[in-house]
Amino acid sequence: MERRSELAEFLRSRRARLTPEEAGLPPFGGRRRVPGLRREELAQLAGVSVDYYVRLEQGRAANVSQEVLGAVARALRLDDAEHAHLRNLAQPRRRAPVRRERVRPQVQRLLDVAEGAPSYVIGQWGDTLAWNRLAAALFVDFGALAPRDRNWLRMVFLNEEMRSRFTDWPTKARETVAFLRMRAGEDPEDPYLTELVGELSLKSPDFRRWWAGHDVKEKGRGRKPLRHPIVGDLVLDYETLRLPEDPGQTLVTYLAEAGSPAEEALRLLGSWAAPAAAERESSR
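Residue 886 is where the sequence shown starts when you use our numbering, and the numbers rise one by one after that.
Okay, here's the thing in structure tokens:
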């Protein structure tokens, strides 16, 4: 993907969703040719010249200041994630190339000791890099998949077993796309990203439609309803933590509320998974 076109498409998509009335502009008489705000109207709201905003949207504005980006973000009513995405696209920083992503042994030990909490580490583009036994039991046997197929975008959109785990699959799928969009703003021209987006766009109409929406979302915390073929329905809270010494890596942990049916379900799932894990270890 090309950074300049990504910036243009993102700004156009944000303009299209905001009406003049919502932005506090006087109503326009007659038929409007474009949905949402015109470039001229947005420039007026942001306090910049029309020519400057056009150059910004086309990726031709050099040395864009934080103040200008802040004014544009306020005019478009961007949330924090969208504002950060705009900065990444408009103010690209030189980044060291991401080498083959490896999880430090200390992080793997952290996953292993979290026996009662399904946990895993994902890389910059959503590849599952490490996991604990309970995560594999709850979602899918990551170790049985080829490394490229452990990517969360591929699993959510192309793996029926993983898809069946989420009782509200559309919400999970859209969140996953928005997370990838957020990361794409940091390095939109990465070859692996281009390959991943191309493959998913070809194989999944849902991915293609939601990717074109340019929604962005940082991975944070929340609650996720799940469905498992052995323990049934359960609701888990999840927390995410970016690993500061491992650029691009994010730790995701699922937790059950104390004394809840979900806690008992995880306990049963752990008991069911233990013999299978021991058998796999002994066969190595």
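C-beta: ideal position from N, C-alpha, C; glycine also.
Just so you know, these numbers come straight off a predicted model, no measurement behind them.
Straight-line Cα distance separating residue j from residue i
i     : j     : result
A1082 : W1096 : The displayed chain sequence assigns Val, not Ala, to residue 1082. Rounded to the nearest angstrom, the two C-alpha atoms are 9 Å apart.
E967  : D997  : 35 Å
R1169 : Y1139 : With a pLDDT of only 43 at R1169, under 50, the local geometry of the prediction cannot be trusted, and no value is derived from it.
W1037 : L930  : 39 Å
R989  : Y937  : 46 Å
R978  : L896  : 19 Å
S1049 : K1088 : 18 Å
K1104 : V957  : 24 Å
R918  : G1001 : 56 Å
S890  : R994  : 42 Å
G1133 : A901  : 31 Å
R1068 : D1100 : 12 Å
E1084 : N1044 : 14 Å
R1033 : P905  : 45 Å
Burial state of residue i (16 or more Cβ within 10 Å)
i     : result
N973  : buried
A1031 : exposed
R1066 : buried
V1006 : buried
E926  : buried
S950  : exposed
Q991  : exposed
T1056 : exposed
P1073 : buried
A1163 : Caution is warranted here: a pLDDT of 47 is assigned to A1163, below 50, making its placement in the model unreliable, and the coordinate value is therefore given only provisionally. With fewer than 16 Cβ atoms within 10 Å of its Cβ, A1163 is classed as exposed.
A947  : exposed
Same chain, Cβ closer than 6 Å to residue i, five either side skipped, listed in chain order
i     : result
S1167 : Bear in mind that the predicted position of S1167 carries a pLDDT of just 45, short of 50, making it too unreliable to give a figure here.
L1154 : A1022 and V1116
G909  : none
Rounded distance between the beta-carbons of residue j and residue i, thought under 8 Å
i     : j     : result
E1148 : E1142 : 7 Å
V1062 : F1092 : 6 Å
V1137 : S1004 : 7 Å
G1008 : E986  : 4 Å
R1106 : Y1123 : 6 Å
Cutoff 7 Å; reference residue i; Cβ partners in own chain excluding five residues on either side
i     : result
E1060 : K1102
Minimum length 4: unbroken alpha helix (DSSP H) runs contained in the segment 894–936: Qualifying alpha helix (DSSP H) stretches, in chain order: 924–931.
Inside the segment 937–1001 only - alpha helix (DSSP H) runs reaching at least 4 residues: Listed in chain order, the complete alpha helix (DSSP H) runs (minimum 4 residues) inside the segment 937–1001 are 951–961, 965–975 and 990–998.
Whole beta strand (DSSP E) elements within the segment 1055–1136, 3-residue minimum: Fully contained in the segment 1055–1136 are the following beta strand (DSSP E) runs of length 3 or more, in chain order: 1106–1113 and 1117–1127.
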